[in-house]
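Quick note, the sequences are listed as chains A and B, same order.
Here this note's numbering is used: the first residue of the first sequence is 1, the next is one more, and so on.
Here this note's numbering is used: the first residue of the second sequence is 1001, the next is one more, and so on.
A virtual CB, placed ideally from N, CA and C, is assigned to each residue, including glycine.
These numbers were taken from a predicted model, which means no experiment stands behind them.
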Amino acid sequence: MQAEGYADAPLVWSREALLESGGYAEPLVANGVRCHGGFDADGRYRSPRTLHRGPAISAWQARLAREGTPLLDLDRRLMPPQYPNVAQAKLLLAHGVRDPVVRALTIISIVEGFGAIIRDVGVPDLRALLVEPVEGTALAHLAEGLFEAHARDESGWRDEGGHKQMWEAARDLAFERPKLPGDVLMRMMGRGGRGERGERLLPELDATAERLIVMMSRVLVVEIFAEGTFQWGIELLSDPELSAEPERAGALVRYVRADESPHVEYLRTALSELRGRTLRTVDGRTLPGRTAVDRVLHAMLRSLVRSRPEEQREDVRANLAEDMKVAANPAALLEAFDALDSVWTPPARTGFEPEPAATG
Amino acid sequence: MNRAARLRRTLRVARAAASLWCLYKLPAAWRRLRGLPERKGRELDPTHERAAKVVLACALDLRGVIIKTCQAVATRSDQFPPAFVDRLKQLHDAVPPKPFPVIREVVERELGKPLGAVFARFEETPLASASLAQVHGARLHDGREVAVKVQYPDIEEIVRTDIRNVRRACRVYERFDPQPLELLPLLDELVSHTALELDFQREADSADRVRRLFAGNPRVVVPEIHREFSTRRVLVMERVGGMKITDKAALVAAGLDPVDVVQDLMDVWVRMILAEGFFQADPHPGNLFVTPEGKLVLLDFGLSKELPEGFGLGLFELMFSMMTLNEAAMLRAFQELGFETKTGDSSTFLLIARRMMERSESGRFEGEFTEEMTGELFEAIRENPVVRVPTDFVLVGRAFGLLSGIAHTLGSRANVLQAMRGG
């Protein structure tokens, strides 16, 4: 992250400062769409809204280290491989089967855009929720610029596109504005609706506090798991044999990846700050922050490790036979496609296994 | 329908048209004679109010297509003044029923049997009545409870006569008004919708399609159609009990959370419109019930609409850009959806987009596609008359407006962003 070396920066920032970008020598224009971020005088890409956000995150992380609270991290081996993987996607494209890849890129762009929903996450009164003080932490800045900066990065703001538009531009550059499959939204929304409502993970807490922890954990997991998606996108869209604009399309995904770094860092920081503190429960007792955060992360990772590969597979395979009809020999292509499937064995532990209950 | 009846309908429409002419044109001529400036904007509100009453009286008198026309006007807040929209809205659920003997005759003629040969019981008082048909409760001989939707007799001929009359009135109006509202396209749209609604076999097909779409969702119920007792003019369907969706007290008493009901409702319509591209275009409270277990019951698929290819994604982009405050993306979405300006100048869209942005400056939309939001959009469009709005967008906008109205009644918010994510 470009904020390294700012450990002595202030701990308290205004919302305006956290949203400030600074100047660019040249703006980023992706396939005709003005996007956020831009280039410095040396032609290096600079992420948006990081003029002070980067130093601020570094300072909060340095404070955590001084307090002896570890910065949490996820085991990258929990991240399922992309489906179709790069080899499979290249095989499909080489045989003129573009819909599964175009569909996947479109869904990625939409999912990125939905990151903006984080601006609507309610932040409860943290002074009332936490036993320990929160001044000068990432937690205290969630509603004061961090969530808003994140939202603007993902879906764009005013006259600038965000990651959603950057992924769309990368897709359109690489595949020359392809026709979008009509079932994209159906695939994304799932076919059966939301199903039955789930149990609460943190019933001891006020619902707003629970939603905050769940949402931050979910977004952190998605952001970290997205690393595989970025790599997939870069490899695929930068391939000159498959992509009409390999340099520009691949570069756009690299810029998105760079922009995501502050998101991962502030979420890791805020969740770690929570883990190092004590939460007040609705019945007047207390709950260690570590218990709350780990319970949510464990449940989420366990479920994602189980369901995500299946969901990705289902998204692709639902229409694969139909999509492959454009190929000369669909049956042989499907066989070759399956032979390239990734083998993945996730680790047995999430790293956030629950400890014995410890409410005070 | 005999010649005298046709003549009466024609004269009644002519009388209403003449009244409207006098209401608007005589004062304007008088002001011109006295050298006074023309009345504009809110100065015309009292005239609009009186004119809306004239139109409403004509609709309640003649029913049929006149009511359908008024219902269509009530959905076009982008074109018509609020006085018309508000006054004519009541025609969505306040149409007096036809007497039972008339209904009995239609059912017996359509089924080719006496009522008692098909139904063990048939309720003479209708459950609901609308512009083209009314619904009665009944029981089949095997004990199954059903709802029977019966088309009014002669309605097709009444529709033809009324459309002819309204079209004539529109042509006269357009010939004499230097800056006429574009009524004929609205009428064409109405003709096509009415033709769809008069075919109950199509309605049965639409109900089956929506039922299949939600086959995996245990919280959605679309009543089964008894095709063996249904014809083009009579529709017999499973009767599903439940509470009216806007009856908040009943929902709460049943242990249901209105917030969940509203979110389910929004999920269902977002899925139909954006993902399936086929939707029930009339989600007013009379067509929606909730079972004591919290299942959403969808009724009346007469006005179901197939959306053009790509419309769902275009609409998704427009809604998404509005809710994420992305003005540039909103502009692109307007154009992709087929919004047009007469001059080809897109600066009007920019004006509308900026206005939407200003609307959300203080409070974010937070995923809520509210009545205020659709109202703001349509008001912005009305105030920038160079914009042509795609018909499909109007239907969809109206559906979201109705859903937001239900959410408002239940004191809840309909989170479209959440629905678009698939929950």
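> Of all the residues that make up the segment 1314-1329 of chain B, which are near chain A by a beta-carbon distance shorter than 7 Å?
Replying inline: F1316, F1320, T1324, L1325, N1326, E1327, A1328, A1329
> Using a C-beta to C-beta distance shorter than 7 Å, which residues of chain B count as neighbours of A/Q165?
Replying inline: Within the first sequence, numbered from 1, the residue matching residue 165 of chain A stands at position 165. In chain order: A1329.
> Cα separation between B/T1125 and B/R1271?
Replying inline: If you number the second sequence from 1, residue 1125 of chain B lands on position 125. If you number the second sequence from 1, residue 1271 of chain B lands on position 271. Distance between the alpha carbons of B/T1125 and B/R1271: 35 Å.
> Helix or strand or just coil, what does DSSP make of B/S953?
Replying inline: Since the first and last residues shown for chain B are 1001 and 1423, residue 953 of chain B lies out of range.
> Relative to the C-alpha of B/T1161, which residue among B/G1255, B/M1319, B/R1012, B/V1396 is closest?
Replying inline: Counting from 1 along the second sequence, the entry for residue 1161 of chain B is found at position 161. If we check each option's Cα against that of B/T1161, B/R1012 comes out closest.
> Interface residues of chain B around A/V33 at Cβ under 9 Å?
Replying inline: Start at 1 with the first residue of the first sequence, and residue 33 of chain A comes out as number 33. Here the neighbours are A1328, A1329, R1332.
> Mapping DSSP to helix, strand and coil, what is A/G193?
Replying inline: Along the first sequence, one-based indexing puts residue 193 of chain A at 193. Residue placement at A/G193 cannot be trusted, given a pLDDT of 46 that sits under 50; what the coordinates show is reported in the next sentence. Here A/G193 sits in coil by DSSP.
>> On a Cα-Cα basis, can you pick out the residue from A/L334, A/D259, A/K325, A/T281 that is closest to A/G115?
In response: Here residue 115 of chain A refers to the residue found at position 115 of the first sequence. Taking only the C-alpha atoms, the option nearest A/G115 is A/D259.
> Which of helix, strand or coil does DSSP assign to B/E1317?
Replying inline: For the purposes of this step, residue 1317 of chain B is taken as residue 317 along the second sequence, with counting starting at 1. Three-state DSSP puts B/E1317 in a helix.
>> In this structure, how does DSSP classify A/H52 when only helix, strand and coil are distinguished?
In response: Numbered from its first residue, the first sequence carries residue 52 of chain A at position 52. In the structure shown, A/H52 sits in coil (DSSP, three-state: anything other than H, G, I, E or B).
>> Assuming the contact rule is C-beta atoms closer than 8 Å, A/K164 and A/E227 should be a hit. Round their C-beta distance to whole Å, please.
In response: Numbered from its first residue, the first sequence carries residue 164 of chain A at position 164. Numbered from its first residue, the first sequence carries residue 227 of chain A at position 227. Their Cβ separation, rounded to whole angstroms, is 18 Å, which puts A/K164 and A/E227 out of contact at 8 Å.
>> Using CA atoms only, rank isn't needed, just tell me which of B/D1188, B/K1113, B/L1299, B/V1396 is closest to B/P1308.
In response: In the second sequence, the residue the question calls residue 1308 of chain B occupies position 308. The candidate whose alpha carbon is nearest that of B/P1308 is B/V1396.
> Within the 8 Å Cβ cut-off, does A/D159 reach chain B?
Replying inline: The residue you call residue 159 of chain A lines up with position 159 of the first sequence. Interface residue, yes.
> Cβ atoms of B/V1416 and B/M1323: under 8 Å apart, would you say?
Replying inline: Residue numbering aside, residue 1323 of chain B sits at position 323 when the second sequence is read from its first letter. Residue numbering aside, residue 1416 of chain B sits at position 416 when the second sequence is read from its first letter. In this structure, B/V1416 lies closer than 8 Å to B/M1323 by Cβ.
>> I'd like to check one pair, B/L1313 with A/L180: are the Cβ atoms closer than 8 Å?
In response: Taking the first residue of the first sequence as 1, we reach residue 180 of chain A at position 180. Taking the first residue of the second sequence as 1, we reach residue 1313 of chain B at position 313. Result yes, Cβ atoms of A/L180 and B/L1313 sit closer than 8 Å.
>> Please give me, in chain order, every unbroken run of the alpha helix (DSSP H) with length at least 4 that falls completely inside the segment 1197-1242 of chain B.
In response: 1200-1213
>> Quick check: the Cα distance between A/A65 and B/N1326, rounded to an integer number of angstroms?
In response: On the first sequence, position 65 is the one that residue 65 of chain A refers to. On the second sequence, position 326 is the one that residue 1326 of chain B refers to. In a straight line, the C-alpha of A/A65 is about 38 Å away from that of B/N1326.
> Taking Cβ-Cβ distances shorter than 9 Å, what residues in chain A pair up with B/L1417?
Replying inline: The residue labelled residue 1417 of chain B in the question sits at position 417 within the second sequence. Ordered by position in chain A, the residues that pass the 9 Å Cβ test against B/L1417 are F114, A116, I117, D120.
> What does B/G1312 touch in chain A if you count any residue whose Cβ is under 7 Å from its own?
Replying inline: Position 312 of the second sequence, counted from the first residue, corresponds to residue 1312 of chain B. L185, listed in chain order.
>> Within 8 Å of any Cβ in chain A, is that where the Cβ of B/A1014 sits?
In response: As a working mapping, residue 1014 of chain B is identified with position 14 in the second sequence. No, B/A1014 does not count as interfacial toward chain A.
>> Could you tell me which whole alpha helix (DSSP H) segments of length 4 or greater appear in the segment 109-193 of chain A?
In response: 126-129, 147-155, 163-175, 184-189
> chain B beta carbons: is any one of them nearer than 8 Å to that of A/L180?
Replying inline: The count along the first sequence starts at 1 and reaches residue 180 of chain A at position 180. At least one chain B Cβ lies under 8 Å of A/L180.
> Per DSSP, which one or two residues make a beta bridge with A/T286?
Replying inline: Position 286 of the first sequence, counting from 1, holds the residue named residue 286 of chain A. Answer is A/R280, bridged to A/T286.
>> Pop quiz: B/I1273 and B/L1315 are said to be a contact at Cβ under 8 Å. What is the actual Cβ separation, rounded to whole angstroms?
In response: Against the second sequence, residue 1273 of chain B aligns to sequence position 273. Against the second sequence, residue 1315 of chain B aligns to sequence position 315. Going by Cβ atoms, the distance from B/I1273 to B/L1315 rounds to 7 Å, so yes, they are a contact pair.
>> Within 10 Å of its beta-carbon, does A/R268 have 16 or more other beta-carbons around it, so buried, or fewer, so exposed?
In response: Residue 268 of chain A sits at position 268 when you count from the first residue of the first sequence. Buried.
>> I want to see whether chain B comes within less than 8 Å of A/G145, judged by CB atoms only; does it?
In response: Along the first sequence, read from residue 1 onward, the residue named residue 145 of chain A stands at position 145. Judged by the 8 Å Cβ criterion, A/G145 is not in contact with chain B.
> Got a sec: is the Cβ-Cβ distance from A/S261 to anything in chain B below 8 Å?
Replying inline: As a position in the first sequence, residue 261 of chain A is number 261, starting the count at 1. For A/S261, the answer is no, since every Cβ of chain B falls outside 8 Å of its Cβ.
> Can the beta-carbon of A/R127 be found less than 8 Å from the beta-carbon of A/V121?
Replying inline: Against the first sequence, residue 127 of chain A aligns to sequence position 127. Against the first sequence, residue 121 of chain A aligns to sequence position 121. No, they are not a contact pair.
> Does A/G361 come within less than 8 Å of chain B when only Cβ atoms are used?
Replying inline: The question about residue 361 of chain A has no answer here: the residues shown for chain A are numbered 1 through 360.
>> Are the CB atoms of B/P1153 and B/V1106 within a distance shorter than 8 Å?
In response: Counted from its first residue, the second sequence places residue 1106 of chain B at position 106. Counted from its first residue, the second sequence places residue 1153 of chain B at position 153. A contact, by the Cβ cut-off of 8 Å.
>> Helix, strand or coil, according to DSSP, for B/V1135 in the structure here?
In response: Stepping through the second sequence from its first residue, residue 1135 of chain B is reached at position 135. Note: B/V1135 maps to strand in three-state DSSP.
> Is there contact between the segment 151-161 of chain A and the segment 36-49 of chain A, where contact requires at least three CB pairs shorter than 8 Å?
Replying inline: yes
>> Assuming the contact rule is C-beta atoms closer than 8 Å, B/L1186 and B/A1072 should be a hit. Round their C-beta distance to whole Å, please.
In response: Taking the second sequence and counting its residues from 1, the one referred to as residue 1186 of chain B is at position 186. Taking the second sequence and counting its residues from 1, the one referred to as residue 1072 of chain B is at position 72. Confirmed, about 6 Å.
> Which bits of chain B does A/S155 rub up against, with CB to CB less than 9 Å?
Replying inline: In the first sequence, residue 155 of chain A corresponds to position 155, counting from 1. Near A/S155 (Cβ distances below 9 Å), the residues of chain B are F1320, S1321, M1323, T1324, L1325, N1326, A1329.
>> Can you tell me whether B/S1129 is helix, strand or coil according to DSSP?
In response: On the second sequence, residue 1129 of chain B is found 129 positions in, with the first residue counted as 1. Strand at B/S1129.
> Mind pulling the chain A residues with CB within less than 7 Å of B/E1336?
Replying inline: Position 336 of the second sequence, counting from 1, holds the residue named residue 1336 of chain B. Those within 7 Å of B/E1336 in chain A number zero; the least Cβ separation is about 11 Å.
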